[in-house]
Structures are given as C-alpha cells and as structure tokens.
Amino acid sequence: MYSAIHDAIAAWYGAHGRRDLPWRTHRDPYRIWISEIMLQQTQVKTVLERFYFPFLEAFPALADLAAADLDDVLKRWEGLGYYTRARNLHRAAKLCVTSLPQEAAALEALPGIGRSTAHAIAAFAHDAPLPVLDANVKRVLSRFFAREERDERILWQDAYALLDTRRPYMYNQAMMDIGAMLCQSRNVTCNACPLQSGCQGQNDALRYGRAKAKKSVPSRHRALLVLWREGKLGLIRSEERFLHGLWGFMQSPLPLEGRALGSFVHRYTHFHLHATVYEPADAPDDERLVWFDRSEIATLSLSTADHKALALLDALSS
DNA sequence: CAGGCGTGGTC
DNA sequence: TGACCAAGCCT
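Everything in the first sequence is counted per numbering that gives the first Met the number 0, starting at 0 for the first residue and increasing by one.
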C-alpha cells in the first residue's frame, strides 16, 4: 500500500535519523525500557544530558533495579518529574526480576507501560510489527491523513494503516525523528519529508495535529515552613499522589504570623505555586516531621520547588 | 474519560 | 510573559 513511502522513510532515516542516540545503538530490552519511560513527556536533551547514563550506572540491569530501595530510585529520578514513573519502574522491575516479557500485551500489563510504550519496546527490542503512537507520530499522522480532530481511536487506525510491518524498528524510530525534526508543531519542512508524496496536509500543515487547548492553571499561595530543631531542618515526606515519596517543606496557607525570608513562583503542570519561605511564629508540632542536617538533606529526593526554597536558605546563611 | 501528574524550553 | 509544548500513563 505505502511501499514507496516506506522506502523513502527508510532512506531518509539512513541519511538523517538520530541513529547515534544511546538507546538506539543496541537491542537491550532493559535499557530500551528505561529510555522509553524517561522520555515520556520529556525532551530527549534532558534525558540524554542528565538522567539516562547516571541511572544506568546505578542500576545497570533489571535485577539491580529490582533489588534497589525505592528511595535510591527516586533519588536518581530527582529533577526529572512525573515521579510516578520511577515508582512504576521499580514496581515493574520487582514483578519481572530477571527479564522483561517479550510480548507487547505482557509489557502493557506492567505498571507504567501503556500501549505506545509497549509497542515501542516490542518493536525496538524484538522487531514486533506494532506502531508507536507518541506526540511526534500523532502530529505526523494527523497531517498525513489531514485529521483536524484529535481522536485517539482514529489515530491508532491511522498508525496501523501506515506502519511498515517489514521494518518496524526503522519505521517507528524514523516517524519519531520526522515529527521531531521535520514535522514540528510550529514549523514544517515538507520539501525534505519522505512522506510528502502522500501527505494530505502539506499545504496547510499547521491546521492539523494541534493539541487540544489546555485550561488555564490556578495559582496557590502557600508558606513553605522553615522549622528548626537542634540545628536540624524539619521536612515531611509526601504520602499523597502528588510528589509521592519525595521530601519537602511543610506547607501552610497564608497569611501567617512570622517572618518571610523570601519568595518564588514554581510552575507545576496543573497549578502555579506562589511560595513564601517562612519562619512561623508558632512552629507546628507535626509527627510527620523528620529532622535533617544539611548534608543529610542532600541524600534525600526533593522536588524542584523545595530545592528552590533550600537554595534560598543557603543564600541567606552564607 | 477528563484531569492529575514535573520540569525545562520556546516564542 | 503567559501559553504552549515535549518519546504518556493512570484513575
């Protein structure tokens, strides 16, 4: 059906694909899995420069990850965000112990692995003829088939329709590169695209494949409480879904009796935190508080907002 | 099933 | 500079 386009994609990937990415130079399911999870909603640059290699150095094989403490896994994930990914990675490793399943259906049954990631691992490690459907591929497909609406069911149909079942590894990697390099959300280079001969959206590319508009995010104004006891700083560990397992300052609504040390804004996906670092007049006696000195805190996993507060304290004390 | 879930980057 | 986006999954 699309054999000419498939050949063009293969030729393009051979000439322009990012084949030197470290998760593309081998077929090791474990390392491919780690890369796929890290890359979910995360830019290649971030994973490549800060997280992929240190994580694999700490946990070189599946058995190492399965045997690790969750706190150590979270520490290696610190700053990468979407921390549920780290917990699911750890849970999945414990479920597998020695090796990941080969079948896409079995992969998808593991925590943190959805349909697209299952297909990616199966295709990249085992040449399974299954399509990946990430943000890049969705954009390319939406334009190729001129889909104005973002309908998941249609996108999967389109993904299977265009898949090169003879070269699933090359095809899937190439489609992601084409989305990232040629068929970008705000910029397109149709003349260089191997899909151009069949692309129905090329004359009005930016009309297609746009993500749904997101609602504006609310602001929360909070005090981050600086609590001292015998020279140690009191922190609590999040037990809720948000930032679960990470340590941070106790928070309290404003206004509040006490002394403001500084403030900053931190933008989360679903709200903006307007934080005031605060020494309260009346220190709460909360049994969740654990007391750490500065060097102990460095071994904990904190969210970026709490690191901002910590940096503010460090600046004041120096 | 729409919204929760982090961070860093772009324009 | 606020909106948008980046190799999605889970509830």
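Note that beta-carbon positions come from the ideal geometry of N, C-alpha and C, so glycine has one too.
Paired residues, beta bridge with residue i - DSSP
i: GLY261; result: VAL276
i: ARG228; result: LYS231
i: LEU301; result: TRP246
i: ARG266; result: HIS271
i: VAL187; result: CYS182
Cα-Cα separation, residue i to residue j
i: LEU181; j: THR188; result: 5 Å
i: VAL249; j: SER2; result: In the sequence under discussion, the amino acid at residue 249 is Met, which differs from the Val named in the question. Cα to Cα, MET249 sits roughly 59 Å from SER2.
i: GLU286; j: GLY244; result: 17 Å
i: ALA308; j: GLU48; result: 25 Å
i: GLU295; j: VAL225; result: 16 Å
i: HIS5; j: GLY111; result: 31 Å
i: LEU232; j: PHE123; result: 46 Å
i: ASN190; j: HIS269; result: 38 Å
i: ALA85; j: ILE235; result: 19 Å
i: GLN156; j: LEU140; result: 10 Å
i: PRO21; j: PRO53; result: 13 Å
i: GLY247; j: ALA210; result: 33 Å
i: ALA105; j: GLN39; result: 19 Å
i: LEU79; j: THR41; result: 8 Å
i: ALA65; j: ALA103; result: 21 Å
i: ALA212; j: ARG149; result: 11 Å
i: MET0; j: GLU151; result: 23 Å
i: ARG185; j: ALA179; result: 11 Å
i: LEU253; j: ASP284; result: 18 Å
Alpha helix (DSSP H) segment containing residue i, residue limits
i: LYS93; result: 83-95
i: PHE291; result: Segment 289-291 is the beta strand (DSSP E) holding PHE291; no alpha helix (DSSP H) there.
i: TYR29; result: 28-37
i: HIS125; result: 114-125
i: PRO167; result: 167-180
i: GLU107; result: 103-107
i: VAL139; result: 134-143
i: ASP6; result: 2-15
i: PRO128; result: Element bounds for PRO128: n/a, residue is neither H nor E.
i: TYR51; result: 51-57
i: LYS74; result: 69-76
i: ALA66; result: 61-66
i: TYR159; result: 151-161
N- and C-terminal bounds of the beta strand (DSSP E) containing residue i
i: GLN332; result: A query on residue 332 cannot be resolved here, the shown segment of the chain reaching from 0 to 317 and no further.
i: ARG221; result: 218-224
i: LEU232; result: 231-236
Minimum C-alpha distance to residue i - residue among the options
i: ARG17; options: LYS44, GLY80, ARG30; result: LYS44
i: MET37; options: VAL72, THR275, ALA7; result: VAL72
i: HIS25; options: MET174, ASP126, TYR12; result: ASP126
i: PRO128; options: PHE143, LEU94, PRO167; result: PRO167
i: LEU242; options: LEU311, TRP76, ARG258, ASP68; result: TRP76
i: THR164; options: ASN190, ASN135, PRO130, MET175; result: PRO130
i: ARG228; options: TRP290, GLY178, SER316; result: TRP290
i: GLY261; options: LYS211, ALA282, ALA310; result: ALA310
i: ILE120; options: PRO28, LYS211, GLN172; result: PRO28
i: LEU255; options: SER98, ALA280, ALA204; result: ALA280
i: SER215; options: GLN172, HIS271, ARG209; result: HIS271
i: ASP19; options: MET0, ALA173, GLY178, SER316; result: ALA173
i: ALA282; options: GLU147, GLY257, GLN195, PHE144; result: GLY257
i: SER251; options: THR303, LEU301, THR275, ARG149; result: THR275
i: ARG240; options: THR83, TYR51, PRO59, TRP11; result: THR83
i: GLY113; options: CYS95, ASN87, ASN135, VAL96; result: ASN87
i: THR303; options: ARG185, ALA134, HIS265; result: HIS265
i: ALA134; options: GLU107, GLN101, ASN171; result: ASN171
i: ARG90; options: TYR81, ALA67, ASN202; result: ALA67
i: TYR12; options: PHE144, GLN101, CYS192; result: CYS192
i: LEU315; options: ALA259, LEU288, ALA297, THR298; result: ALA259
Residue i: CB within 7 Å of a non-hydrogen atom of the ligand FMN
i: GLU148; result: With respect to small molecules bound, the structure shown includes none, and the ligand FMN cannot be examined in it.
Distance CB(residue i)-CB(residue j) smaller than 8 Å
i: TYR267; j: ALA222; result: no
i: HIS306; j: SER218; result: no
i: LEU55; j: ILE33; result: yes
i: GLY230; j: ASP313; result: no
i: MET175; j: ALA9; result: no
i: GLY194; j: ILE177; result: Gly is not the amino acid found at residue 194; the sequence shown has Leu there. In contact: LEU194 and ILE177 (Cβ atoms closer than 8 Å).
i: LYS93; j: GLY208; result: no
i: SER98; j: LEU61; result: yes
i: LEU132; j: LEU154; result: yes
i: PHE300; j: ASP63; result: Note that residue 300 is Ser in the sequence shown, not Phe. Result no, Cβ atoms of SER300 and ASP63 do not sit closer than 8 Å.
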